[in-house]
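A quick write-up on the structure given underneath.
Residue numbers (the working numbering), protein chains in the order written: chain A, 82 to 398; chain B, 45 to 269.
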């Protein structure tokens, strides 16, 4: 008898993926090739962003974490993904985030936005990204607004936004990537912005020339670099979507088996954030109840423990 | 005081529509200069904006004030997200000779400076990590003193037994040492070359992290990794 497989629910099969032919495998030498791949990749990603999947919050915040990890590396800091996650989730009350945690905050703010930044936001962003303020940054707001209303293809509008930041302050590379991502999301008319380019800052395919130097925002090849970053980023993001969708499906399935009264609250958090601290408590959920709930969820294979530690555990899809 | 109560700002005629353009600008310049002069800490753009007209560019205003100060021994500088009056660096010797008790840091001990530097480079760092870095026990007193000076604050808890606090530097730290960002700290390599620190003793925050780099790399070196 053939057992009907139930491991992959139908809606996951239907999740958009970037076609294999649109994912750059080796050096891309022409702008046209890059733009072609980016267009195809964005179509897939656009479909994903516009689904009403309940795990998109977790997805965006995980992309923010990836972008923040790439950013801290660019700053010459040594924090990896796990350290950034710790900075964020082990903070209590009024604790400061520290320089790396601040970078994560900046990307998480992008991942929760649905309107362009104003002058004040750019100023706090600069502080969070460890960039010295330059008075000309104020003009960027206007330029970003113009670019998002222009008829330029999204990746090229994003590249120009990055260039706009760099011409004003060559040291503001992280702000340039952030703005590029912001403009990309704006041009795509995504309801909530999505960190995409920031996740690909160190991708080997973004290195050009004989000395294989990383394409910097504002450089001649940056338009092509953004297209490649879009294609690679969209492919990764869609793949991540498939993983999270499968995990979310498992979680939904076990929900009726959970006896904790606050389970719904915890599940809501899991669907909407990158991780939830194992010591998460609410008015109706004690520390012990929370611990039991997470242990049960792990046992049922519905969530994953993300830190790999025995204590200070962090759970997520 | 730097912080004018909001209601005062509300009553203030900021637009000055009765004045000709040139006088308006002059009045705005004087206002901003007065606020900066009276402030004991850097003044934010937000606060300055409440003193002047809606259309007024704070940056241009400050540029104009600054150019008028060209011959003076002090200037308006941008520190840690705001502006502040500062004496020009070339007068440092004179001020030191005068030994004016301007800041409490004049009384920082060598250990306090050392611990502060360790935090600046290795934040977020716990007291334990800091002890490893400087090679001797960092007492709670030292941490308390740095906190009192408002140079450090508590960061996220470290995922270790007892969930110790980590420490991070503050905006006040940047202000005091005239740094705009942490990126302005001298490169660790330069300090090593100068024999000021020993790279081997400097343990990173996460020693379980395989990606840990023993030292900071400069941007171009990083590119070739």
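The beta carbon of each residue, even a glycine, is placed where N, CA and C say it ideally should be.
Just so we're clear, the structure is a prediction, and the values are computed from it rather than from any experiment.
Assignment of residue 68 of chain B by DSSP, reduced to helix, strand and coil, places it in the helix class. Taking all protein chains shown into account, residue 118 of chain B has fewer than 16 neighbouring C-beta atoms within 10 Å of its C-beta and is therefore exposed. For residue 233 of chain A, no beta strand (DSSP E) encloses it, and the DSSP letter there is neither H nor E. With 16 or more other Cβ atoms from the protein chains shown falling within 10 Å of its own Cβ, residue 173 of chain B counts as buried.
Secondary structure at residue 128 of chain B: strand, using DSSP grouped into helix, strand and coil. Secondary structure note for residue 251 of chain A: it is in no beta strand (DSSP E), with a DSSP letter that is neither H nor E. Here residue 163 of chain B has 169, 174, 190, 196, 211, 212, 213 as same chain residues with Cβ atoms under 8 Å from its own Cβ, once five neighbours each way along the sequence are excluded. Residue 226 of chain B has a beta carbon lying within less than 8 Å of a beta carbon in chain A. Taken through DSSP and simplified to helix, strand or coil, residue 133 of chain A comes out as coil. Not flagged as an interface residue toward chain A: residue 230 of chain B, since no C-beta distance is shorter than 8 Å. The alpha carbon of residue 186 of chain B has as its nearest neighbour, out of B:76, B:234, B:160, the alpha carbon of B:160. At the C-beta level, residue 191 of chain A and residue 168 of chain A stay beyond 8 Å of one another.
Here residue 218 of chain A is buried: its Cβ has 16 or more other Cβ atoms, across all protein chains shown, within 10 Å. With respect to the C-alpha of residue 364 of chain A, the residue from A:208, A:129, A:344 having the closest C-alpha is A:344. The continuous beta strand (DSSP E) containing residue 210 of chain B extends over residues 209-213. The beta carbon of residue 108 of chain B does not come within 8 Å of any beta carbon belonging to chain A, so the residue lies off that interface. Under the Cβ distance rule, residue 212 of chain A counts among the residues neighbouring chain B, one pair being separated by less than 8 Å.
When only Cα atoms are considered, residue 131 of chain A and residue 271 of chain A end up about 8 Å apart. Between the region 281-291 of chain A and the region 143-156 of chain A, the count of Cβ pairs shorter than 8 Å is three or higher; the stretches touch. Using a CB distance cut-off of 8 Å, residue 125 of chain B counts as an interface residue toward chain A. At a cut-off of 8 Å between beta carbons, residue 197 of chain B contacts chain A. Counting other Cβ atoms within 10 Å of its Cβ, residue 105 of chain A reaches 16 or more and is therefore classed as buried. DSSP places residue 352 of chain A within a helical segment (H, G or I) once states are collapsed to three. Not flagged as an interface residue toward chain B: residue 248 of chain A, since no C-beta distance is shorter than 8 Å.
Cβ-Cβ distances below 6 Å link residue 188 of chain A to 145, 148, 149, 276 in the same chain, with the five nearest sequence neighbours on each side left out; the list follows chain order. Of all residues in the region 157-173 of chain B, only 167, 168 come within less than 7 Å of chain A when Cβ atoms are compared, listed by chain position.
Residue 225 of chain A is classed as buried because its beta carbon has at least 16 other beta carbons within 10 Å across all chains shown.
Here the alpha carbon of residue 322 of chain A sits roughly 18 Å from the alpha carbon of residue 386 of chain A.
The alpha-carbon separation between residue 126 of chain A and residue 123 of chain B amounts to approximately 41 Å. Residues 195 of the same chain have their beta carbon placed closer than 6 Å to that of residue 217 of chain B, with the five preceding and five following residues left out of the count. Separation of residue 252 of chain A and residue 212 of chain A (C-alpha to C-alpha, rounded to the nearest whole angstrom) is 7 Å.
The beta carbon of residue 139 of chain B lies closer than 7 Å to those of 131 in the same chain, with the five residues before and after it left out. 8 Å or more divides the Cβ of residue 356 of chain A from the Cβ of residue 299 of chain A.
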